[in-house]
Amino acid sequence: MSDTNKGQSAAAASISIIDVRMWFDESPWRVAAGWTVLAAVLASGFSLDALATQTTTIVLIFLLADPLWGSIWGLMSTPNSLPFVQQSLRHRRVWLPYLRSGSPAARLLGMDGPSILALVYRVALPAILLALIVAWQLHETALWLTLVVVAISTAGWLHQQADSIPISVLHALVAVALPWFLVVLVFAETSNQGVQLLLAGLWTLHEWGAQAQQDEKHKAVGLAGLAASQIGMAVLLIVLQLPLWLIFLALFFLPTWLALYQKQPLDRVRFWWIAAMVTSGLALGQIV
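Be aware that the sequence shown starts at 324, since it is given in the working numbering, and climbs by one per residue.
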């Protein structure tokens with residue numbers, strides 16, 4: 324394709340100042356912020372009539388926790404996932420004397436190559452601003468949680484320079500702990516907040532174990548985390564006198580250990596983790 328045709332294709336690709344494009348990242352059947360929000364809402368114990376009155380709030384929670392927080396985390400933790408934007412940064416320069424090729428400012432802002440500051444300006448900053456606007460409309464504490472997500476995502480980027488930063492812990496916080504905490508804070512009138520936070524902690528441990536076991540160096544520790552979280556959930560349901568829900572939860576966790584016994588990757592059982600998470604949320608909703 325000629326340079327002229329490439330330019331015409333790029334110009335026709337978007338008609339917006341801030342380009343927002345959405346797609347399914349990998350398979351949707353995995354533990355993610357959107358499923359966490361669903362489980363947390365169910366755990367709040369709302370009736371169908373109460374859910375109908377909270378539809379707008381629930382949609383805003385999902386929008387903030389899944390696509391917006393997820394976009395911030397995805398960009399900052401894996402900036403190389405946006406090759407088209409990086410290519411655009413190389414070819415579209417601001418024509419100013421102090422941004423000439425080779426100048427300190429050009430190197431800092433990525434005008435001569437990839438730079439996290441340039442990606443933050445072009446991609447992360449609009450996502451952060453939109454997330455803050457949605458958080459402001461949603462709840463006061465949602466603003467603070469959004470800033471926490473930005474800080475955790477920045478730490479995720481630093482993981483590329485420092486392996487000592489536990490990326491699996493950060494992922495679990497953004498995917499499970501913070502979205503569940505957001506729901507608890509927004510619906511503060513629910514009477515089972517303590518139990519919800521305990522369940523959220525167990526699912527955060529479960530997600531950390533699922534991520535950690537993918538690394539051969541931490542495989543044993545990750546499997547221990549999976550086992551401890553599942554046992555913890557079983558004990559919680561027993562204490563809450565919810566034995567019927569424990570049966571369903573055990574059935575959904577069984578494929579995990581069958582896959583491990585057969586030495587198969589746990590990616591094949593991620594759907595069952597979603598089913599277990601939603602089921603545990605439903606179970607907690609019964610005690611409200």
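Positions of the beta carbon are idealized from the N, C-alpha and C atoms, including for glycine.
Source: prediction; values computed, not measured.
Below 8 Å on the Cβ atoms is my contact criterion, and I expect residue i with residue j to pass it. Report the Cβ-Cβ distance as a whole number of Å.
{"i": "V472", "j": "L501", "result": "6 Å"}
{"i": "W612", "j": "F594", "result": "The question about residue 612 has no answer, for the chain in this structure spans 324 to 611."}
{"i": "L565", "j": "A366", "result": "12 Å between Cβ atoms; not a contact."}
{"i": "V446", "j": "L387", "result": "So it is not a contact: roughly 18 Å between Cβ atoms."}
{"i": "W531", "j": "G548", "result": "6 Å"}
Over what stretch of residues does the alpha helix (DSSP H) that includes residue i continue unbroken?
{"i": "R591", "result": "Unbroken run through R591: none, as it is neither H nor E."}
{"i": "H541", "result": "Premise fails: H541 is in no alpha helix (DSSP H) and is neither H nor E."}
{"i": "I475", "result": "E463 to L481"}
{"i": "M399", "result": "W392 to S400"}
{"i": "V509", "result": "L501 to V509"}
{"i": "D372", "result": "L371 to T376"}
{"i": "S491", "result": "I490 to A495"}
{"i": "T359", "result": "A356 to A366"}
For residue i, name the three-state secondary structure that DSSP assigns.
{"i": "I570", "result": "helix"}
{"i": "A450", "result": "helix"}
{"i": "G604", "result": "helix"}
{"i": "I554", "result": "helix"}
{"i": "I384", "result": "helix"}
{"i": "D389", "result": "helix"}
{"i": "Q460", "result": "helix"}
{"i": "I340", "result": "coil"}
{"i": "L525", "result": "helix"}
{"i": "L563", "result": "coil"}
{"i": "I610", "result": "coil"}
{"i": "E512", "result": "coil"}
{"i": "P578", "result": "helix"}
{"i": "E349", "result": "coil"}
{"i": "Q484", "result": "coil"}
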